[in-house]
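Mind the numbering: the sequence shown is residues 1 to 332 in the UniProt record's numbering, read in order.
Scroll down for the structure; my scribbles are underneath it.
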Amino acid sequence: MEFRHLGRSGLMVSEISYGNWITHGSQVEEEAAVACVRAALDSGITTFDTADVYAGTRAESVLGRALKGERREGLEIFTKVYWPTGPGRNDRGLSRKHIMESIDGSLRRLQTDHVDLYQAHRYDVSTPLEETMEAFADVVHSGKAHYIGVSEWTAAQLREAHALARELRIPLISNQPQYSMLWRVIETEVIPASEELGVGQIVWSPMAQGVLSGKYLPGQPPPAGSRATDEKSGADFIARWLTDDVLTRVQQLKPIAEQAGLTMPQLAVAWVLQNPNVASAIVGASRPEQVHDNVKAAGVKLDAGLLKAIDEIVEPVTERDPAKTESPAQRP
């Protein structure tokens, strides 16, 4: 495993991090989920990303049990706050009330006294940013989190939050955006702002919800049991890419992967890691062997000719509009 600094902080993270957005506490049984976490640890992954909302808070509990007994100082555990975790009007968003209550719930479920990174899962238009950042400052100053980050914030939102974080003397070091060969909306505005501010990217969906694995074929229905057939597994996220044009172009990437000595999933993960502002790529898994396969993308260098060939294939179906980086227009 290779490691990188997260932003301009001193925190090192594994190039491949393990995320349990979909796989823990929902469609994957706990025994299998724990086996995947063990595979991640055995493969050298030290960075684990979750959120209070995943699987209705169950994902944090599963991860906490899976990591129990591990040396805490050897792990980087990340979680997030924003999406609804209960029926109440204050069980969501980035108000001081929800942040302070959510961090305590997350720590209890994760069976730890702190997280290494506490992230705003989206931007909350219903809460003054000053209130949010002051609450985050109290979380950091109380020792419940070492660093703070955000997810899917625009460049302007990042700049405003970073300025407040400096005033409050707390380290805002990361953004967690979607990023893949097919989804490059952060490249125009978010990454330049992040480089200026010292913010690193922890990217989710480097395989475009599994589309870049090559298992979805043009003109054919999605494989039984795949994410595209399971509403609990993010079928709505993947639908945009299940067109013959996209899937045909993805199949054209196979010779490039073979030339590089990589599987299709490894090529997709290695591609996002070529961006120097990306500190880590989040991968999930429902089987341990998927973890072992994905980690082989760490440390891979793709030459300029290969990167150009990839661009020529996928450019017509790649999304680059920076306006696609967005949070809900109102608190959910």
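Glycine included, each C-beta is placed from N, C-alpha and C at the ideal position.
All values reported here derive from a predicted model rather than from experimental measurement.
Would you please state the rounded distance, in angstroms, between the beta carbons of Val203 and Val278? I believe it to be under 8 Å.
The C-beta distance from Val203 to Val278 rounds to 6 Å, short enough to meet the 8 Å contact threshold.
Can you give me the Cβ contacts of Leu247 inside the same chain, cut-off strictly under 7 Å, excluding the 5 residues immediately before and after it?
For Leu247, the CB contacts under 7 Å within the same chain, skipping 5 residues up- and downstream, are Tyr216, Leu217 and Pro218 in chain order.
Just grab the DSSP bridge partners of Leu117 for me.
Within the DSSP secondary-structure output, Leu117 pairs in a beta bridge with Phe78 and Tyr147.
Please check the pair Ser213 and Met264, which I expect to be a contact at CB under 8 Å, by giving their CB distance rounded to whole angstroms.
A Cβ-Cβ separation of about 5 Å places Ser213 in contact with Met264 under the 8 Å criterion.
Taking DSSP as the reference, what is the three-state secondary structure of Ser14?
In the structure shown, Ser14 sits in a strand (DSSP, three-state: E or B).
Is Gly284 near Asn20, with beta carbons less than 9 Å apart?
Annotated as proximal: Gly284 and Asn20, with beta-carbon spacing under 9 Å.
For Glu73, which beta-bridge partners are listed by DSSP?
DSSP, once it has assigned bridges, lists no residue as partnering Glu73.
Taking 9 Å as the threshold (C-beta atoms), are Tyr82 and Arg122 in contact?
Taking 9 Å as the Cβ cut-off, Arg122 and Tyr82 qualify as a contacting pair.
Under 8 Å by Cβ, that's how I've got Ala298 and Ile16 pegged, so tell me the actual separation to the nearest angstrom.
Their Cβ separation, rounded to whole angstroms, is 5 Å, which keeps Ala298 and Ile16 in contact under 8 Å.
Since Ser174 and Val199 are thought to touch, with beta carbons under 8 Å apart, how far apart are those beta carbons, to the nearest angstrom?
A Cβ-Cβ distance of about 6 Å is found for the pair Ser174 and Val199, placing them in contact under the 8 Å criterion.
Starting from Leu253, follow the beta strand (DSSP E) in both directions and report where the run begins and ends.
Where Leu253 is concerned, there is no enclosing beta strand (DSSP E), given that its DSSP letter is neither H nor E.
For Asp116 versus Leu63, is the C-beta distance shorter than 9 Å?
No, they are not a contact pair.
For Glu196, count the other beta carbons within 10 Å of its own beta carbon; 16 or more makes it buried, fewer makes it exposed. Which is it?
By the 10 Å Cβ count, Glu196 comes out exposed.
Does the pairing of the stretch 138 to 156 with the stretch 172 to 188 give three or more beta-carbon distances under 8 Å?
Because the criterion of three Cβ pairs below 8 Å is met, the stretch 138 to 156 and the stretch 172 to 188 touch.
Just the Cα atoms here: how many angstroms apart are Val125 and Lys324?
If you take the alpha carbons of Val125 and Lys324, they lie about 17 Å apart.
Reduced DSSP secondary structure (H/G/I, E/B, other) of Asp303
It is coil, neither helix nor strand.
Considering Ala279, what are the terminal residues of the beta strand (DSSP E) in which it resides?
Boundaries of the beta strand (DSSP E) around Ala279: Val278 to Val283.
C-beta contact flag for Thr318 and Arg184 at 9 Å:
In terms of Cβ geometry, Thr318 and Arg184 form a close pair [threshold 9 Å].
From Pro84 to Ser102, what distance separates their C-alpha atoms?
Distance between the alpha carbons of Pro84 and Ser102: 10 Å.
Rank Pro221, Phe48, Ser14 and His162 by C-alpha distance to the C-alpha of Phe78 and give the top, closest one.
Comparing Cα-Cα distances from Phe78 to each of Pro221, Phe48, Ser14 and His162, the minimum goes to Phe48.
Under the rule that 16 or more other beta-carbon atoms within 10 Å means buried, what is Lys68, buried or exposed?
Flag for Lys68 reads exposed.
To which residues of the same chain is Leu302 closer than 7 Å at the C-beta, ignoring the five residues directly before and after it?
So the list reads Ala260, Ala270, Trp271 and Gln274, once near-sequence residues are dropped.
If we count the other Cβ atoms within 10 Å of its Cβ and call it buried at 16 or more, is Asp311 buried or exposed?
Under this definition Asp311 is an exposed residue.
Identify every run of the beta strand (DSSP E) within the stretch 114 to 200, keeping only runs that are complete inside it and at least 3 residues long; order them along the chain.
The stretch 114 to 200 contains these whole beta strand (DSSP E) runs: 115 to 120, 145 to 150 and 172 to 175.
From this set, Met181, Tyr147, Pro322 and Gln201, which residue's C-alpha is nearest Leu267's C-alpha?
Closest by alpha carbon: Met181.
Would you give the residue range spanned by the alpha helix (DSSP H) that Asp104 belongs to?
Where Asp104 is concerned, the enclosing alpha helix (DSSP H) starts and stops at Arg96 to Leu110.
Of all the options Gly210, Met207, Ala208 and Ile191, which has the alpha carbon lying nearest to the alpha carbon of Gln201?
Nearest in C-alpha terms to Gln201, of all of Gly210, Met207, Ala208 and Ile191, is Ile191.
Identify the residues that DSSP records as bridge partners of Ile202: which are they?
Ser280, per the DSSP bridge assignment.
Status (buried if at least 16 other CB within 10 Å, exposed otherwise) for Ser142:
In summary, Ser142 is exposed, with fewer than 16 beta-carbon neighbours lying within 10 Å of its beta-carbon over all protein chains present.
Could you check if Gly86 is buried or exposed, using at least 16 other CB atoms within 10 Å of its CB as the buried criterion?
Exposed, by the Cβ-count rule.
With the cut-off set at 9 Å, would you say Glu2 and Ser14 are in Cβ contact?
Yes.
Go to Asp49, then tell me how far its beta strand (DSSP E) extends in each direction, as first and last residue.
First-last of the beta strand (DSSP E) with Asp49: Thr47 to Asp49.
Please name the residue or residues paired with Glu319 in a DSSP beta bridge.
Glu319 is bridged by DSSP to Trp183.
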